[in-house]
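Be aware that the sequence shown starts at 678, since it is given in the working numbering, and climbs by one per residue. Structure first, then comments.
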Amino acid sequence: MTKSKKTRKRRFWLTLVVVLALFPFVGVALFAIVPPTPTILMLRQAVRGEGLDYQWRGLNDISPNLVNAVIASEDARFCSHNGFDMDAIQKALDHNADGGRMRGGSTISQQTAKNVFLWPSRDWVRKGLEAGYTVLIETFWGKRRIMEVYLNVVEWAPGVYGAQAASQHWFDKNARDLTPREAARLAAILPAPRRYQAADPGPYVRRRGSRVQAAMGTVRGQGLSACVLR
């Protein structure tokens, strides 16, 4: 191989490395401004025939009740952590080590990073990338944008993504009009949106929804959603 060919080859690999290194920053910067494109999960499920109902709504067009509900249900320390809730992670590790039902300690920030940029799996490569993306969105988006994106991409039924599509699917109304009870029930089914129903729910969702609705009062009273609701 001549010297010029070796030089071109080195430049090619160097360019490739730079592009790959910059790719996460470009995606994070773009979605800080515009709504994310349909995610890998959305597209995969659509190919399987589940449909794709994804209707973006800005945070001002989503009921504050839903913000309070998901914080109460999913991540009470959302406004105070830097993307990782170490106490929740340690509790999850202890619980799993004791042989209890497997559970995670992911924050809303981590779930948003995974949902928007990555594929649905539990491998360590994805977890590592998730951590990196979490740091980036916490740094460049801030809490309000993270919540806005989360509420728009999270799955609430097979083929139904985001607060607007979920509100119409379950309650035949717009996301901005959700009552505290309806918001609590939407939050209650998030751990298993393919298994549970927010409208006409069974005993488990009714009990969990009642607990979430009660906790929403604490979220409001203690200002735990203040970084989102202005």
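All residues carry an ideal CB built from backbone N, CA and C; glycine is no exception.
Looking only at its chain, what residues have a beta carbon closer than 6 Å to the beta carbon of residue i, apart from the 5 residues adjacent to it on each side?
| i | result |
| --- | --- |
| K850 | S844 |
| C904 | C756, K820 |
Take residue i as the anchor and find which of the options has the nearest alpha-carbon.
| i | options | result |
| --- | --- | --- |
| R884 | P870, R858, L707 | R858 |
| L828 | A860, R907, P797, R871 | A860 |
| S786 | G805, V826, S750 | V826 |
| G735 | G879, A852, G886 | A852 |
| R871 | R803, A892, V724, E832 | E832 |
| Q722 | V802, S740, P835 | P835 |
| A864 | S750, P712, G726, M763 | S750 |
Can you name, in chain order, every residue of its own chain whose Cβ lies under 7 Å from the Cβ of residue i, other than the five neighbours on each side?
| i | result |
| --- | --- |
| M719 | L729, Y731, Y838 |
| R778 | Reliability of the predicted coordinates at R778 is poor, the pLDDT of 49 falling under 50, and the value obtained from them is presented with this limitation in mind. No residues qualify anywhere along the chain. |
| E807 | Q787, A790, K791, L795 |
Tell me the residue span of the alpha helix (DSSP H) that contains residue i.
| i | result |
| --- | --- |
| A723 | 717-724 |
| T895 | 880-898 |
| I748 | 741-751 |
Express the C-alpha separation of residue j and residue i in angstroms, rounding to a whole number.
| i | j | result |
| --- | --- | --- |
| P868 | I717 | 19 Å |
| F702 | L813 | 8 Å |
| L693 | G704 | Here the model assigns L693 a pLDDT of 49, short of 50, so the residue's position is not dependable, and the following value carries that caveat. Straight-line Cα distance between these residues: approximately 17 Å. |
| S902 | P712 | 22 Å |
What does a CB cutoff of less than 8 Å around residue i pick up in its chain, not counting 5 residues either side in sequence?
| i | result |
| --- | --- |
| I823 | I785, S786, T789, I814, E815 |
Ignoring anything shorter than 3 residues or poking outside the region 776-862, list the beta strand (DSSP E) runs there in chain order.
-> 832-834
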